[in-house]
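Heads up: the structure comes next, in structure tokens.
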Amino acid sequence: VKAPAWASSAKTALEAGRDGGPVWTKLVGLWWAKEVSRKFKGLTRGHTEGRPIQVGNWIQYVRKGPPKPAIMDVEQFEKEWWDWWRLMNPNWRQPLRSGRLEQSRGGEEWDSVDLSGPNGVLNAIICLRWWKDTLEGNEDEEQETEWQIAVEEVIWVIEAI
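Numbering (this note's numbering), first residue to last: 35 to 195.
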């Protein structure tokens, strides 16, 4: 199956920018494999409730907006991303004190987050790309660790589906 323009463009954007290391390479590979397995078919409209404003702006400009949108406050963007991610996930995934989600499996439904296509989980992943790029030149190891935790969370979900 030949990848449509949106998928090829997204893959290029995800692979560009600051090196995310093996964990990032794994996430992009898992996302791509899932899209290929579904023949790049997916949603016409994704989760909008609670999504970071940068995603709406990117979509409004037909995903051709600046490769690194203005993220003035990394910690605020991180909070918005986690809030949105929690809304995307099934209700049975309980939030922990940290605000992250419990990682437990049991055959539950994943429909709310098992979303392919240009309006699926890709939007959450592209946010992680922007988040990582915003950390460029930042020596704050805690922020790098927080980013990696978010990437590992998305990997866990994709593998659990």
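Note that beta-carbon positions come from the ideal geometry of N, C-alpha and C, so glycine has one too. All of these numbers come straight from a predicted model, not from anything done at the bench.
Residues near residue i in its chain [Cβ-Cβ closer than 6 Å; skip 5 each side]
i: V35; result: K73
i: R131; result: none
i: G54; result: K166
i: P100; result: Because the pLDDT of P100 is 47, which lies under 50, any placement of that residue in the model is unreliable, and the question is left without a value.
i: P38; result: F74
Supposed contact pair residue j and residue i - C-beta distance, whole angstroms, cut 8 Å
i: N191; j: L61; result: In the sequence on display, residue 191 carries Val and not Asn. Not quite, the Cβ-Cβ distance comes to about 10 Å (not below 8 Å), so this is no contact.
i: I160; j: L48; result: 7 Å
i: S150; j: P124; result: About 17 Å separates the two Cβ atoms, so there is no contact after all.
i: A41; j: E69; result: 6 Å
i: R52; j: E170; result: 5 Å
i: A158; j: W119; result: 6 Å
i: V185; j: W65; result: At roughly 11 Å, the Cβ-Cβ gap does not stay under 8 Å, so V185 and W65 are not in contact.
Other residues of its chain near residue i: CB distance less than 8 Å, five sequence neighbours each side excluded
i: R134; result: W116, I183, E187
i: A44; result: R97, P152, L156, I160
i: I105; result: Q88, F111, W164, W165, T168
Of the listed residues the options, nearest to residue i (C-alpha basis)
i: G154; options: V70, G55, A37, G76; result: G76
i: R127; options: E142, K113, G63, E114; result: E142
i: E180; options: L162, A39, W144; result: L162
i: V108; options: V185, A39, P38, D174; result: D174
i: E114; options: T59, E193, G84, A37; result: G84
i: D148; options: N172, E136, L121; result: L121
i: S138; options: E193, T46, P56; result: E193
Range of the contiguous alpha helix (DSSP H) that encloses residue i
i: A122; result: The question names Ala, yet the displayed sequence has Met at residue 122. Element bounds for M122: 108 to 122.
i: N172; result: It is not in any alpha helix (DSSP H) - N172 carries neither H nor E in the DSSP assignment.
i: E69; result: 55 to 71
i: E49; result: 39 to 49
i: R163; result: 156 to 168
Nonlocal neighbours in the same chain, by C-beta distance under 7 Å from residue i, ignoring five residues either side
i: G63; result: none
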